[in-house]
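Letter 375 of the sequence shown, counting from 1, is numbered 375 in the UniProt record's numbering, and no numbers are missing. Where a beta carbon is used, it is the ideal one built from N, C-alpha and C, also for glycine. Keep in mind the model is a prediction, meaning the values are calculated, not measured.
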Amino acid sequence: MMEESENHHQVFLLKGQTIVSSANRNESVELSSIGNENDNNSDSGISPNDSEVDVLIPDQNHMHTPKTGLSTMFDHNEEKWYIVASQVFFPFMIAGFGMVAAGLVLERVKELSVFKEITEIYILVPALLGLKGNLEMTLASRLSTQANIGNMDKRSELQRMIIGNVILTQLQAIVVGFLAALVSLAMGWVPQGHFNIRHALVLCSSSVSTASIASLALGSIMILVVVVSHKCKINPDNIATPIAASLGDLTTLGILAGIGGFLFKTIENYAWLPIMITVVFLVLTPIWIVLSSRNEYVKDVLIHGWSPVVAAMLISSAGGLILDFAVQTLRGVAVFQPVMNGVGGNLVAVQASRLSTALHQQGKPGEFQDINQYHASKFCPNPYKVFCANKRSSSITRVLLFLAIPGHLTFVFIISRLATDQTRLSILFVVLYVVAALIQVAILLYIAQWMVKFVWRHERDPDNVCIPYLTAIGDLLGTALLTCVFLLLP
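Written out as C-alpha cells, the structure is:
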C-alpha cells in the first residue's frame with residue numbers, strides 16, 4: 001500500500017527551488033542549483049535539524065519556506081516547551097478526569113447482566129473506546145491542520161469542511177462499529193465453541209448505534225473546540241485531541257451500557273428491534289458515501305482512509321482479548337484500563353498532530369525541504385535524538401513523556417478514593433504502574449516520530465493515517481502492561 005513505484009518522482013524543496021529526484025531503485029538525485037549551504041547556519045549556530053520534526057524540517061530562520069500558498073497560524077519552531085506544556089496540561093488533566101470517570105463506570109457496568117452474559121462485550125469495549133482515536137482524534141487533527149494553514153478563515157469553506165467531516169465520521173463509525181462487533185463475536189466464538197444468535201444481535205446493534213451516536217456527539221464537540229480555539233489564537237493541536245479524549249471513553253461506555261442493557265432485557269419479546277436498528281444504520285451507509293464523495297475536504301479520506309481505521313480496530317480488539325482475560329481473573333483491573341490506555345493515546349495524539357501540522361506548513365505530502373530530510377526519513381530515528389537531544393523537538397517530546405507521571409499519580413489517587421472494588425494501593429503497585437505507563441508513552445512517542453515521517457514520504461496525509469494506528473497500539477500496549485502489573489503483584 002505504501003511502497004514506492006518504479007517511476008515515482010519525489011519532490012524536494014530546497015532554498016526556495018524545486019528539485020525533482022527519481023525514487024527508483026538507484027535513487028539517483030540531480031541537484032541543479034543548491035547554492036551556498038554554509039549561510040544556513042552562519043549566525044546562530046542552530047543545527048538545521050533543530051525543528052519540530054527531527055531531521056525532517058529545517059529551522060525556519062535559516063531555510064526559506066517553500067511557496068506553497070499555505071498561510072500559517074502557528075510556527076511550531078517558535079513555540080517554547082513551557083508554552084506547549086501550559087497549553088497541553090489543563091486539557092490533558094481534564095481528559096484524565098474523564099478517563100477516571102470512564103474507569104469507574106466500567107467497574108460498575110461489569111455487574112450488569114449484559115456484561116455478565118455476553119462476555120464478548122469486553123472484546124468490543126477497547127475497539128469502541130478506540131473510535132475516539134480512530135475518528136474523533138483524527139478529525140481533530142485534520143481540522144487543526146486546516147486551521148493552522150488558514151483554510152478556516154472563509155465561512156463558506158468552513159461550513160463545507162464541517163458538513164463533510166461530520167458525514168464522513170458517521171460513515172466510518174457505522175462501518176467500524178459493525179466490523180468490531182463481528183470481530184468480537186468471532187474471537188469469543190472460537191474459544192467457546194458455540195454461537196448464540198440473540199447475543200450476536202444485541203452485540204451488533206449495540207455496537208453500531210453506540211459508535212454512531214458517540215461519533216456524532218464527540219465530532220460536534222471537536223469541531224466547536226477547533227473553531228473556537230482558532231478564533232481565540234490558541235493552537236488547536238495542543239488542546240483538541242486531549243478534549244476529544246476527555247469525553248470519549250465516558251460517553252461511549254455510557255451509551256454502550258445503556259443501549260446494550262436495554263436491548264438485552266427486551267430481546268426476548270422484541271427480537272425484531274436489534275435487527276431493525278442494525279439494518280437502518282447499514283442502509284444509511286450508501287447515502288453517506290455519496291455525500292462524502294462530493295465534498296472536496298473528505299473525498300480523499302473516503303478513498304484512502306479505511307485501512308488505518310480498520311487495522312486500528314483489529315489491533316484494539318486484540319487488546320480486548322487481554323482485557324476479557326484480565327477482568328475475569330484479576331480483581332480491580334477494569335477501573336484502571338481506560339486511564340492507562342487513554343493517557344498514552346492522548347499524549348501521542350498531541351505529538352502526531354503537531355508533527356503533521358509542522359509538515360503541512362512546508363508543503364504537500366511527499367515534499368521535503370532538502371535532500372538530507374528525504375534520506376533521513378527512510379530510517380528509524382535515533383532514540384537519543386528523539387528524547388535527549390538539546391533541541392526544541394526533543395524538549396517537547398520530554399514534556400509529553402513526563403506529563404504522564406503527575407497525571408497518572410493524580411488519577412491513581414482519585415481511583416483509590418472512589419473505586420469500590422479496589423483494595424488499598426501499595427507502593428509497589430504505584431511504582432510498577434508508573435513504570436508501565438512511562439514505557440507505554442515512550443514507545444508511542446518514538447513510533448510517532450518514525451511513522452509520521454514514513455507516511456509523509458509515501459505521500460500520504462499523517463492526519464488520516466497515524467493517529468488511528470498510534471492509539472490502537474497504545475490500547476494494546478496499555479492493556480498488556482496493566483495486566484502484567486497486576487500479575488506481578490503478590
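Residue-chain proximity (residue i, chain D), Cβ-Cβ < 8 Å
{"i": "residue 363", "result": "In the structure shown, chain D cannot be found, because there is only a single protein chain."}
Option nearest residue i by Cα separation, candidates the options
{"i": "residue 364", "options": "146, 101, 125, 295", "result": "146"}
{"i": "residue 367", "options": "320, 384, 282, 458", "result": "458"}
{"i": "residue 172", "options": "287, 332, 351", "result": "287"}
{"i": "residue 269", "options": "179, 198, 253", "result": "198"}
{"i": "residue 292", "options": "399, 214, 164, 262", "result": "164"}
{"i": "residue 142", "options": "465, 469, 484", "result": "465"}
{"i": "residue 406", "options": "382, 343, 450", "result": "343"}
{"i": "residue 85", "options": "416, 487, 400, 404", "result": "400"}
{"i": "residue 155", "options": "227, 111, 130, 195", "result": "227"}
{"i": "residue 248", "options": "234, 312, 210", "result": "210"}
{"i": "residue 144", "options": "263, 289, 95, 223", "result": "223"}
{"i": "residue 296", "options": "157, 467, 137", "result": "157"}
{"i": "residue 454", "options": "428, 108, 359", "result": "359"}
{"i": "residue 349", "options": "188, 136, 320, 120", "result": "136"}
{"i": "residue 261", "options": "108, 381, 97, 216", "result": "108"}
{"i": "residue 234", "options": "83, 395, 468, 103", "result": "83"}
{"i": "residue 104", "options": "253, 347, 290, 397", "result": "253"}
{"i": "residue 443", "options": "487, 485, 398", "result": "398"}
{"i": "residue 259", "options": "323, 317, 213", "result": "213"}
{"i": "residue 441", "options": "394, 314, 402", "result": "402"}
{"i": "residue 225", "options": "215, 239, 216, 128", "result": "239"}
Coarse secondary structure for residue i, derived from DSSP in three states
{"i": "residue 195", "result": "coil"}
{"i": "residue 459", "result": "coil"}
{"i": "residue 300", "result": "helix"}
{"i": "residue 165", "result": "helix"}
{"i": "residue 16", "result": "Below a pLDDT of 50, predicted positions are generally treated as unreliable, and residue 16, at 37, falls in that range; the measurement from the model is reported next regardless. Residue state, collapsed to three classes: coil."}
{"i": "residue 470", "result": "helix"}
{"i": "residue 73", "result": "Its pLDDT being 48, under 50, residue 73 is placed unreliably in this model, and the value from its coordinates should be taken loosely. In the structure shown, residue 73 sits in coil (DSSP, three-state: anything other than H, G, I, E or B)."}
{"i": "residue 270", "result": "coil"}
{"i": "residue 417", "result": "helix"}
{"i": "residue 137", "result": "helix"}
{"i": "residue 292", "result": "helix"}
{"i": "residue 265", "result": "helix"}
{"i": "residue 151", "result": "coil"}
{"i": "residue 479", "result": "helix"}
{"i": "residue 362", "result": "coil"}
{"i": "residue 490", "result": "coil"}
{"i": "residue 383", "result": "helix"}
{"i": "residue 182", "result": "helix"}
{"i": "residue 235", "result": "coil"}
{"i": "residue 390", "result": "coil"}
{"i": "residue 109", "result": "helix"}
{"i": "residue 117", "result": "helix"}
{"i": "residue 426", "result": "coil"}
{"i": "residue 502", "result": "The question about residue 502 has no answer here: the residues shown for the chain are numbered 1 through 490."}
{"i": "residue 333", "result": "coil"}
{"i": "residue 403", "result": "coil"}
{"i": "residue 157", "result": "helix"}
{"i": "residue 49", "result": "Only weak support exists for where residue 49 lies, its pLDDT of 41 falling under 50; the value from the coordinates is given anyway. It is coil, neither helix nor strand."}
{"i": "residue 80", "result": "coil"}
With 16 other Cβ atoms within 10 Å as the buried cut-off, status of residue i
{"i": "residue 328", "result": "exposed"}
{"i": "residue 472", "result": "buried"}
{"i": "residue 482", "result": "buried"}
{"i": "residue 354", "result": "buried"}
{"i": "residue 413", "result": "exposed"}
{"i": "residue 159", "result": "exposed"}
{"i": "residue 341", "result": "buried"}
{"i": "residue 489", "result": "exposed"}
{"i": "residue 417", "result": "exposed"}
{"i": "residue 25", "result": "With a pLDDT of 35 at residue 25, under the threshold of 50, the modelled position of this residue cannot be trusted, and the question is left open."}
{"i": "residue 266", "result": "exposed"}
{"i": "residue 174", "result": "buried"}
{"i": "residue 460", "result": "buried"}
{"i": "residue 148", "result": "buried"}
{"i": "residue 548", "result": "An answer regarding residue 548 cannot be provided, because it is not within the stretch 1 to 490 covered by the chain."}
{"i": "residue 111", "result": "exposed"}
{"i": "residue 382", "result": "exposed"}
{"i": "residue 487", "result": "exposed"}
{"i": "residue 542", "result": "Nothing about residue 542 can be reported from this structure: the residues present for the chain run from 1 to 490 only."}
(message) Check whether the segment 436 to 448 and the segment 80 to 91 are in contact - that is, three or more C-beta pairs closer than 8 Å.
(response) With a cut-off of 8 Å, the segment 80 to 91 and the segment 436 to 448 do not count as touching, because too few Cβ pairs lie within range.
(message) Check whether the segment 109 to 128 and the segment 297 to 305 touch, using three or more Cβ-Cβ pairs below 8 Å as the test.
(response) Because the criterion of three Cβ pairs below 8 Å is not met, the segment 109 to 128 and the segment 297 to 305 do not touch.
(request) Evaluate the contact criterion for the segment 201 to 217 versus the segment 260 to 276: three or more CB pairs, one atom per stretch, below 8 Å. (result) Because the criterion of three Cβ pairs below 8 Å is met, the segment 201 to 217 and the segment 260 to 276 touch.
(message) Pairs of beta-carbons, one from the segment 337 to 345 and one from the segment 469 to 487, closer than 8 Å: are there three or more?
(response) The answer is yes - the segment 469 to 487 touches the segment 337 to 345, with three or more Cβ pairs under 8 Å.
(request) Pair every Cβ in the segment 124 to 132 with every Cβ in the segment 177 to 186, then say whether three or more of these pairs are closer than 8 Å. (result) Cβ pair count under 8 Å is three or more, so yes.
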